[in-house]
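The next block holds one structure in the form of structure tokens; read it before the comments.
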Amino acid sequence: MGFFFYKQMDAMDCGPTCLRMVARHYGRSYSLEYLRQQASITREGVNLLGISEAAEKIGFRTNAVRITFEQLDEQVDLPCILHWNQQHFVVLPPQEYNRHKKGEKILVADPGHGLVKVDKETFLDCWQGNSNTGTILMLEPTAAFYQKEAMQEAATGFRFLFNYIKPYRKYIVQLFLSVLVASVLSLTLPFLTQSLVDYGINRNNTGFVYLVLVSQLLLFAGSTAIEMIRSWILLHMNSRINIHIISDFLIKLMKLPIRFFDTKMIGDIHQRIGDHTRIQNFLTGTTLSTLFSFVNLLVFTVVLAVYSLKILLVFVLFSAAAIGWILFFLRRRKALDYKRFQRMSENENILFELITGMQEIKLNNCETARRWEWEQVQAGLFKVNVKNLALGQYQQLGSVFFHQLKNILISFITAREVMNGHLTLGMMLSVSYIIGQMNSPLDQLLTFIQSAQDAKMSLDRLGEIHNRQEEERAGQEALPAGNGDIRLENVSFQYGPKQSPFVLKNINLVIPEGRVTAIVGTSGSGKTTLLKLLLQFYEPGNGQVWVGNRRLQEISPRWWRRQCGNVMQDGFIFSGSIAKNIAISDEKPDKHKLIHAAEAANIRDFIEELPLGYQTKIGNSGGGISAGQKQRIQIARAIYKDPRYLFFDEATSALDANNESIIMRNLEALFEGKTVVVIAHRLSTVKHADQIVVLEKGEIVEVGTHATLTAQKGNYFELVKNQLELGG
Numbered sequence: 150m151g152f153f154f155y156k157q158m159d160a161m162d163c164g165p166t167c168l169r170m171v172a173r174h175y176g177r178s179y180s181l182e183y184l185r186q187q188a189s190i191t192r193e194g195v196n197l198l199g200i201s202e203a204a205e206k207i208g209f210r211t212n213a214v215r216i217t218f219e220q221l222d223e224q225v226d227l228p229c230i231l232h233w234n235q236q237h238f239v240v241l242p243p244q245e246y247n248r249h250k251k252g253e254k255i256l257v258a259d260p261g262h263g264l265v266k267v268d269k270e271t272f273l274d275c276w277q278g279n280s281n282t283g284t285i286l287m288l289e290p291t292a293a294f295y296q297k298e299a300m301q302e303a304a305t306g307f308r309f310l311f312n313y314i315k316p317y318r319k320y321i322v323q324l325f326l327s328v329l330v331a332s333v334l335s336l337t338l339p340f341l342t343q344s345l346v347d348y349g350i351n352r353n354n355t356g357f358v359y360l361v362l363v364s365q366l367l368l369f370a371g372s373t374a375i376e377m378i379r380s381w382i383l384l385h386m387n388s389r390i391n392i393h394i395i396s397d398f399l400i401k402l403m404k405l406p407i408r409f410f411d412t413k414m415i416g417d418i419h420q421r422i423g424d425h426t427r428i429q430n431f432l433t434g435t436t437l438s439t440l441f442s443f444v445n446l447l448v449f450t451v452v453l454a455v456y457s458l459k460i461l462l463v464f465v466l467f468s469a470a471a472i473g474w475i476l477f478f479l480r481r482r483k484a485l486d487y488k489r490f491q492r493m494s495e496n497e498n499i500l501f502e503l504i505t506g507m508q509e510i511k512l513n514n515c516e517t518a519r520r521w522e523w524e525q526v527q528a529g530l531f532k533v534n535v536k537n538l539a540l541g542q543y544q545q546l547g548s549v550f551f552h553q554l555k556n557i558l559i560s561f562i563t564a565r566e567v568m569n570g571h572l573t574l575g576m577m578l579s580v581s582y583i584i585g586q587m588n589s590p591l592d593q594l595l596t597f598i599q600s601a602q603d604a605k606m607s608l609d610r611l612g613e614i615h616n617r618q619e620e621e622r623a624g625q626e627a628l629p630a631g632n633g634d635i636r637l638e639n640v641s642f643q644y645g646p647k648q649s650p651f652v653l654k655n656i657n658l659v660i661p662e663g664r665v666t667a668i669v670g671t672s673g674s675g676k677t678t679l680l681k682l683l684l685q686f687y688e689p690g691n692g693q694v695w696v697g698n699r700r701l702q703e704i705s706p707r708w709w710r711r712q713c714g715n716v717m718q719d720g721f722i723f724s725g726s727i728a729k730n731i732a733i734s735d736e737k738p739d740k741h742k743l744i745h746a747a748e749a750a751n752i753r754d755f756i757e758e759l760p761l762g763y764q765t766k767i768g769n770s771g772g773g774i775s776a777g778q779k780q781r782i783q784i785a786r787a788i789y790k791d792p793r794y795l796f797f798d799e800a801t802s803a804l805d806a807n808n809e810s811i812i813m814r815n816l817e818a819l820f821e822g823k824t825v826v827v828i829a830h831r832l833s834t835v836k837h838a839d840q841i842v843v844l845e846k847g848e849i850v851e852v853g854t855h856a857t858l859t860a861q862k863g864n865y866f867e868l869v870k871n872q873l874e875l876g877g
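Each residue of the sequence shown is one higher than the one before, counting from 150 in our numbering.
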């Protein structure tokens, strides 16, 4: 079987990409996204155990060991996955690709850099480090591997783009018709030039010269009109396609589950959005024009063959050499593009942190350290850009060399043919015109090859997002009226793969309908994670969450969240008016509901004292507000929604005791008949709850009311005794 190499899409994709290469070697093609999910990838990537888990799920038998180079060379069946430089994974291809005993360099499939050959010393340094053994993951396919259906990828690259072009078939037909007409018109020009010299000038026929002049003017006018129409059609079509691609990308992004954003850096997502520029350049640049002008190239090739096969042969040979020179560097150019993408993502992340974290930077006097960190990334980006520039210059230099040599040789051959009487002077001028007309599409073709490669890589990266599973799945629906209690049965959850620590363990809990449940515990006990499970941010690793007689997984996340009002610890204030921040999902806020929500959140007086009142701009593009004011706006947002369920995560942590007391009194009336879950540390927030749940290290240790739990003098008592001002 052949060995298939795959490039990693993101900086942390090396593990799943290595597994993808090994699976493909044994005849099964899996999508990168599917293997990512099986390996439980995080922002830090995936470890060897995660890769092993994913491999076993698709039917491999795995064994992770530390061995010497001699054992690797003599005893291990390849391909296998190597732990590389203590922070990366690569594949060692099968034996037929590596001949260690002959002293040849060792071929390594590095998903970050490509197929690279390294000498034994470098190999040992990267694999073993300072030890005499290195870590490998051996993979052997079982019968189950061949029985499983591979998770094939959806359309990527130009197949993905073709879906957007299909609706504009009638425009493309019109464009091709215009090209054919323009080609027919331009076809007559070399013959007119020949006739002008041979019959007009040589025979001193002034009338014929005027006739040719008028003919050329008419042909020029017709060609210009056709070109204008074609440009308008292209602009209309390309603009709409580009808008649809970006719009669909944002729609898809908003349909993805929260876990996706936990595993992606901001810079990575931003760079993918930036990739649309390259697709736009590909579409609105010379793409379709190049394809259409290729028709002219074919037409003039036939005409040139009529004049001289010798000249045509020279043109074809040197043009093929120029194209071959460009194609020769494409693989290297692709590898550099992936490196550049990763460096640009790192750059975006650091710049985002520099801007958003400026307050902490200045408070901790770490300006220099943070700037040095940015400069290190810039140095790496500069090196990649220099390599990219040098590669572009090599491509350009070789292409120009073959073009100029071709033109010089054709000029020489044409002159010789005229001198030998095989061509007339008019025919020589026609040949020069034809070569000029053929060079233009050829130059466009060479630019098109590079532009197409850029667009293909960008489309692959966008397709990788489009191929992800959406949060809403088939079969999920709304609940009937009278939803019932929320029940958690043996719920466990961990953020990473199976070997990572449990954040929640064996949670069994009933949250009564229409009652207030408070969840308390020390920091890191899993309170916020539990709330996120209830909001369908994540699915439980084990166990089930029920709402009435329906599993939460069977309920549409969008419908469920419409029934839920929430205030999270890291709630966000958008750029816009206060009114839009409170009535966030309404196009036109309801004034009475707005005032009621602001009053209940005890922020009405503050808002109405502002010069613009509810139309005051806040957020990144507006005025600054305090943490307490932000929390009160978020509380007003939850109240405005008037939901059946309320989830508050430290909703009053930034408020003073007086504001908190007023808000809690206002909320007590609003809580009537609603199912409420409150996470808080303050006694004043939780003591009136119908049920208090105490979490410790991800487990429920106590459940009861304030009175019963304080009487027990257990975990709850220890949490609140300082607030009760009681002795130990």
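Ideal placement from N, C-alpha and C gives every residue a C-beta, glycine not left out.
Length of the line joining the Cα atoms of residue i and residue j
| i | j | result |
| --- | --- | --- |
| residue 458 | residue 572 | 12 Å |
| residue 710 | residue 486 | 40 Å |
| residue 317 | residue 390 | 9 Å |
| residue 781 | residue 750 | 5 Å |
| residue 864 | residue 820 | 27 Å |
| residue 726 | residue 768 | 8 Å |
| residue 637 | residue 310 | 45 Å |
| residue 250 | residue 480 | Caution is warranted here: a pLDDT of 47 is assigned to residue 250, below 50, making its placement in the model unreliable, and no coordinate value can be reported. |
| residue 826 | residue 659 | 11 Å |
| residue 859 | residue 831 | 14 Å |
| residue 640 | residue 681 | 13 Å |
| residue 432 | residue 154 | 29 Å |
| residue 614 | residue 235 | 29 Å |
| residue 538 | residue 240 | 30 Å |
| residue 705 | residue 622 | 8 Å |
| residue 822 | residue 724 | 34 Å |
Outcome for residue i when other beta-carbon atoms lying within 10 angstroms are tallied against a minimum of 16
| i | result |
| --- | --- |
| residue 861 | exposed |
| residue 857 | exposed |
| residue 344 | buried |
| residue 906 | Because the chain is modelled from 150 through 877, residue 906 falls outside the range shown and cannot be assessed. |
| residue 171 | buried |
| residue 867 | exposed |
| residue 424 | buried |
| residue 798 | buried |
| residue 789 | buried |
| residue 210 | exposed |
N-terminal and C-terminal residue of the alpha helix (DSSP H) that residue i is part of
| i | result |
| --- | --- |
| residue 593 | 574–615 |
| residue 486 | 479–505 |
| residue 374 | 355–404 |
| residue 206 | 197–206 |
| residue 790 | 776–790 |
| residue 283 | No alpha helix (DSSP H) holds residue 283; the beta strand (DSSP E) holding it covers 283–290. |
| residue 710 | 706–711 |
Unbroken beta strand (DSSP E) run spanning residue i, endpoints
| i | result |
| --- | --- |
| residue 794 | 794–798 |
| residue 748 | No beta strand (DSSP E) holds residue 748; the alpha helix (DSSP H) holding it covers 740–749. |
| residue 848 | 848–853 |
| residue 638 | 635–642 |
Within 7 Å, strictly: CB atoms of residue i and residue j
| i | j | result |
| --- | --- | --- |
| residue 722 | residue 779 | yes |
| residue 612 | residue 697 | no |
| residue 583 | residue 448 | no |
| residue 382 | residue 456 | no |
| residue 454 | residue 461 | yes |
| residue 738 | residue 732 | yes |
| residue 844 | residue 676 | yes |
| residue 379 | residue 607 | no |
Q. On the three-pair Cβ rule with 8 Å, is the region 582–602 touching the region 382–397?
A. Counting C-beta pairs with one atom in each stretch, the region 582–602 and the region 382–397 have fewer than three that are closer than 8 Å, which means they do not touch.
Q. Does the region 464–483 touch the region 582–596, meaning 3 or more C-beta pairs lie closer than 8 Å?
A. With the cut-off at 8 Å, the region 582–596 and the region 464–483 touch.
Q) Do three or more CB pairs link the region 271–284 to the region 201–210 at distances below 8 Å? A) No, they do not touch.
Q. Does the count of Cβ pairs from the region 701–721 and the region 653–671 closer than 8 Å reach three?
A. Look at the beta carbons and you see the region 701–721 not touching the region 653–671: under three pairs across the two are nearer than 8 Å.
Q.
Can you confirm whether the region 252–259 touches the region 224–242 when touching is taken to mean that 3 or more C-beta pairs between the two stretches lie within less than 8 Å?
A. In short, these stretches touch, since the Cβ pair count reaches three.
Q | Three-pair Cβ contact test at 8 Å for the region 757–765 versus the region 799–813 | A | The region 757–765 is not in contact with the region 799–813.
Q. Would you call the region 179–186 and the region 214–229 in contact, with 3 or more CB pairs under 8 Å?
A. Taking 8 Å as the limit for Cβ pairs, the verdict is that the region 214–229 does not touch the region 179–186.
Q. Touch check for the region 488–500 and the region 523–532: three-plus C-beta pairs under 8 Å?
A. Counting Cβ pairs under 8 Å, three or more are found: they touch.
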